[in-house]
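In what follows, a structure is listed as structure tokens, so that the remarks can point back to it.
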């Protein structure tokens with residue numbers, strides 16, 4: 001446990017030092033890369049709660065990522081065009097205030113996760129994987145065929161949204177916002193993992209019958225975890241849209257679901273900092289391998305295959321040399 | 001809507017359905033016998049289509065191209081099974097998903113590297129070009145009708161293979177109890193490679209057949225793969241009968257939904273709004289169908305409970 005804690009601290013320290021150094025030496029591009037890594041990490045932290053702790057292999061988390069993105073896109077585009085979203089029966093206006101957008105993104109993706117989770121959790125195992133994948137794909141096709149918000153072309157937002165007291169267009173300040181949110185999500189997930197609820201969730205992962213016999217409603221525990229998981233990933237989607245100032249149906253694509261899973265498996269399934277390390281590593285690979293060869297996905301595929309076949313427990317698993325612990 | 005158009009759309013739906021069946025049959029067999037969820041099945045579909053396009057380009061013969069698609073997909077399938085897939089049977093589903101996802105990345109990029117990013121085209125052979133007149137005066141594309149025929153023939157062949165032959169008996173035994181059939185002296189690893197290659201060949205054939213209607217390009221397999229997942233969730237995983245029923249149901253629902261829904265909404269809405277709402281809803285229809293089946297039968301129509 002000690003070793004894993006040290007690794008986590010080193011990862012956190014690097015996430016603070018590297019962008020700060022890049023900012024001081026005048027490399028805003030590196031800050032943007034780091035921001036991408038932190039946002040992807042946040043999406044991964046969300047999925048890790050369902051996948052790592054709960055053993056719920058959701059292959060459709062792009063749905064929540066995309067809903068978060070489109071919440072930002074829709075609210076900000078209405079604010080930018082001064083058109084209210086809804087006039088009857090009551091007035092709803094667009095907004096460019098980040099805290100409001102985050103809140104709406106969290107609520108909307110949680111609602112979607114509630115719906116998808118309630119249906120998919122009736123199944124298990126390989127059915128669950130396919131069903132979550134299919135629901136993600138359903139939203140992808142829906143956004144493509146619904147023309148109101150750009151359809152296939154997506155939606156551009158010209159100015160980054162505002163946060164009271166900060167200049168969000170300054171890369172390092174926007175990075176700071178994302179970093180703080182990631183830390184908040186890590187803290188929340190850590191508390192959940194150590195709570196009776198988290199122990200029940202993990203217990204159901206290891207032995208469903210036993211947890212049921214103790215009198216815990218496994219379906220409900222899993223559904224709540226799935227909803228929280230979707231909400232965190234939705235928040236990441238809103239940030240990602242703000243980083244690019246652009247949303248498109250690709251945010252819903254099954255490749256995004258796969259990538260979020262890759263972050264977790266690279267770092268270590270079920271480990272608090274697994275997705276953080278995995279996302280950072282993914283961004284580094286994308287940057288350096290992408291610079292080496294146009295066909296860098298071949299190398300990524302080979303690395304992923306190697307990790308799955310030979311390095312159980314991911315990078316943190318290899319470094320910490322200990323199974324995931326649940327006692328904290 | 002007139003009856004002729006409706007019948008034509010039903011035939012289109014059937015054609016789409018039998019193609020989905022070729023994909024879904026392999027997936028469901030591989031899951032049923034080996035317990036493996038194989039995302040790379042879409043890559044085998046793509047490999048079949050590219051092999052057919054390449055051979056058709058060299059020889060100009062469509063039937064050689066079809067054979068090439070079967071052979072290429074079966075060989076690639078067998079090689080992948082021998083080197084990588086067989087290490088995954090004992091692993092959990094998460095690891096199978098990630099490893100086969102990695103295979104998709106490798107196959108797609110390798111294909112892009114060999115053939116480039118531009119789509120290839122596979123022409124429908126002269127013999128099958130044009131349309132024929134069906135009883136009742138319906139003009140229908142001969143090629144699409146041939147696809148329906150091939151699909152149904154494969155379905156019957158597969159059914160006979162599994163229910164009547166010795167290999168089929170072993171496959172069924174493998175689904176029921178892996179340890180027992182290995183203990184009875186059946187070389188289970190050869191059986192696994194055969195089943196995987198058979199599934200791969202079916203996927204490759206379906207890629208080649210569809211490649212002549214659509215374009216042959218990298219990434220063509222994954223949308224079909226996800227539809228095939230919907231099919232086997234509806235039909236029940238591991239059941240060939242379920243895969244067939246699910247495939248026809250999904251094919252018909254999707255095709256008819258796309259033509260009918262805009263018309264249905266048009267009967268009480270303004271035309272452009274009706275097209276928008278209708279087509280958006282049509283794109284979600286099969287997933288709604290899947291959700292409906294899950295509500296009432298979480299293990300699918302023909303799944304074991």
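Residue numbers (this note's numbering), protein chains in the order written: chain A, 1 to 328; chain B, 1 to 305.
All C-beta atoms, glycine included, are put in the ideal place defined by N, C-alpha and C.
| Query | Result |
| --- | --- |
| Three-state secondary structure (DSSP) at residue 137/A? | helix |
| With a threshold of 16 other CB atoms inside 10 Å of the CB of residue 15/B, please say whether the residue is buried or exposed. | buried |
| With a threshold of 6 Å on Cβ separation, who are the neighbours of residue 222/B within its own chain once the five nearest residues in sequence on each side are excluded? | 42 |
| Please classify residue 313/A as buried or exposed, where buried requires at least 16 other C-beta atoms within 10 Å of its C-beta. | buried |
| Is the beta carbon of residue 245/B closer than 7 Å to that of residue 235/B? | yes |
| Give me the residue from 319/A, 74/A, 236/A and 88/A with the minimum Cα distance to residue 37/A. | 236/A |
| Which term fits residue 58/B, buried or exposed, when burial requires 16 or more other beta carbons within 10 angstroms of its beta carbon? | exposed |
| Measuring straight from C-alpha to C-alpha, what distance separates residue 83/B and residue 77/B? | 10 Å |
| Could you tell me which chain A residues have their CB closer than 8 Å to the CB of residue 112/B, listed as they occur along the chain? | 295 |
| With which residues is residue 216/B paired in a DSSP beta bridge? | 120/B |
| Can you tell me whether residue 227/A is buried or exposed, with buried defined as 16 or more other CB within 10 angstroms of its CB? | buried |
| Could you work out which residues of chain B lie near residue 134/A, taking near to mean beta carbons separated by less than 8 Å? | 226, 229, 230, 233, 287 and 290 |
| For a contact meaning CB atoms closer than 8 Å, what does residue 97/B contact in chain A? | 57, 59, 129 and 261 |
| Step through the CB atoms of chain B and report whether any lies within less than 7 Å of the CB of residue 298/A. | yes |
| Which first and last residues belong to the beta strand (DSSP E) in which residue 133/B is found? | 131-134 |
| Please report whether the beta-carbon of residue 306/B lies at a distance below 7 Å from any beta-carbon of chain A. | The first residue shown for chain B is 1 and the last is 305, placing residue 306/B beyond what the model contains. |
| By the criterion of Cβ-Cβ separation under 8 Å, what are the contact partners of residue 254/A in chain B? | 222 and 226 |
| Throw me the rounded Cβ distance for the residue 205/A and residue 54/A pair, which I believe falls under 8 Å. | 6 Å |
| What is the rounded straight-line gap between the Cα of residue 256/A and the Cα of residue 128/A? | 18 Å |
| Which runs of the alpha helix (DSSP H) at least 4 residues long sit entirely within the region 142-185 of chain B? Give them in chain order. | 142-164, 166-176 and 178-183 |
| Is residue 163/A helix, strand or coil when you go by DSSP? | strand |
| Counting Cβ pairs, one atom from each stretch, are 3 or more of them under 8 Å apart for the region 185-204 of chain A and the region 66-75 of chain A? | no |
| Classify residue 21/A: buried if its beta carbon has 16 or more other beta carbons within 10 angstroms, exposed otherwise. | exposed |
| May I ask you to report which of helix, strand or coil DSSP gives residue 67/A? | helix |
| Given that a residue counts as buried once 16 or more other Cβ atoms are within 10 Å of its Cβ, and exposed if not, what is residue 137/A? | buried |
| Quick check: what's the CA-CA separation for residue 286/A versus residue 294/A? | 11 Å |
| Can you list, in chain order, the residues of the region 265-286 of chain B whose Cβ is nearer than 7 Å to any Cβ on chain A? | 276, 279, 280, 283 and 284 |
| Does the distance from the CB of residue 51/B to the CB of residue 72/B come in under 7 Å? | yes |
| With burial defined as no fewer than 16 other Cβ atoms inside 10 Å of the residue's Cβ, what is the status of residue 6/A: buried or exposed? | exposed |
| Go ahead and pull the three-state DSSP assignment for residue 158/A. | coil |
| Looking at chain B, which residues of the region 146-167 of chain A have a Cβ within less than 9 Å of any of its Cβ atoms? | 146, 147 and 148 |
| For the region 24-39 of chain B, which residues have a beta carbon sitting closer than 7 Å to at least one beta carbon of chain A? | 31 and 37 |
| Between residue 109/B and chain A, is the shortest Cβ-Cβ distance under 7 Å, so that the two count as touching? | yes |
| Nearest CA to the CA of residue 34/B: which residue from 91/B, 286/B, 164/B and 150/B? | 91/B |
| For residue 288/A, which residues in chain B fall below 9 Å Cβ to Cβ? | Ordered by position in chain B, no residue passes the 9 Å Cβ test against residue 288/A, which lies about 17 Å from the chain. |
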